[in-house]
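First the structure, in the form of structure tokens, and then the observations on it.
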Amino acid sequence: MNSSNHTSINLINHTVMSVLQHSVATGDKRTLLSLGVNHESVEKLEKLSHSGQHIIGRAIAPIIQIDNRALSLNIQHTINSEKESEYIIQMILADAPLSVLMINFGMQLKEFNEQRRKLGMETTKPGRPRDPEINRAPQALIRRLEEWILTHNTSDIKADTELLISLSDTYKLGIREILGYHAILLKELS
């Protein structure tokens, strides 16, 4: 254990013991119980003198440890949250409409516009954008979208965020425009 961790643990132990001693001195059983001290130990602590409580404090100090399983779960949750935030930013920068972010991340209009503002983009205007001109679309993109439509039972490509990001990166088009081409092809193939 490095010096910094040891100092931090000592500080935590000292804080917990100060709260413990104060709670015993003032008869604050509720705080003692919230610290995880059981009823039997609370009764015994009440009988100890101040110096006895101090000795107990030094004795249990090494008992306070990091729950590495809980820490690992918290770290993984934070990593996942950061990845999701980065993905949302990537989607917004690729001009994904609110409907895509709402379906995949539960994002609402206020948050969507706030994110766009933070990224230096205009906020969205209500309504559907006009369809792009299909004859201006790259033929390879048209083939990929047709293939997707023919191989998927659902016609909602909005849930396939990885594909949308990939198409946006590959063809240097906004997701909104790609969805427009998808909508045109869906009508043509129906």
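In our numbering, each residue carries its 1-based index in the sequence shown increased by 130.
All residues carry an ideal CB built from backbone N, CA and C; glycine is no exception.
Note that the coordinates shown come from a computational prediction; the quantities given were computed from them, not determined experimentally.
Asked                                                                                                                             : Found
Delimiting residues of the alpha helix (DSSP H) encompassing glutamine 269                                                        : 269-281
Best match in Ile142, Asn198 and Ile295 for proximity to glutamate 216 [C-alpha to C-alpha]                                       : Ile295
Runs of alpha helix (DSSP H) lying entirely within the stretch 205-240, each at least 4 residues, in chain order                  : 228-235
Status (buried if at least 16 other CB within 10 Å, exposed otherwise) for lysine 288                                             : buried
Endpoints, alpha helix (DSSP H) assigned at alanine 313                                                                           : 305-319
Inter-residue CB distance, leucine 398 and tyrosine 311 (contact presumed, cutoff 8 Å)                                            : Any question about residue 398 goes unanswered here, given that the chain covers just 131 to 320.
Stretch-stretch touch, CB-based, cutoff 8 Å, three pairs: the stretch 237-257 with the stretch 297-311                            : no
Buried versus exposed, by CB contacts within 10 Å (16 or more), serine 211                                                        : exposed
Short Cβ contact (8 Å threshold) for aspartate 261 with alanine 313                                                               : yes
Which of helix, strand or coil DSSP assigns to glutamate 263                                                                      : coil
Beta-carbon contacts of leucine 165 that lie in its chain and below 8 Å, excluding the five residues immediately before and after : Val146, Val149, Leu150 and Ser153
Three-state secondary structure assigned by DSSP to asparagine 168                                                                : coil
Among Gly236, Leu319 and Ser202, the one whose alpha carbon lies nearest that of histidine 282                                    : Leu319
Threonine 253, DSSP secondary structure in three states                                                                           : coil
Through-space distance from histidine 207 to isoleucine 142, alpha-carbon basis                                                   : 24 Å
Rounded C-alpha distance that separates glutamine 220 from methionine 232                                                         : 15 Å
Close beta carbons around proline 268, own chain, < 7 Å, minus the five adjacent residues each side                               : Tyr301
N-terminal and C-terminal residue of the alpha helix (DSSP H) that isoleucine 295 is part of                                      : 291-301
Coarse secondary structure for leucine 178, derived from DSSP in three states                                                     : coil
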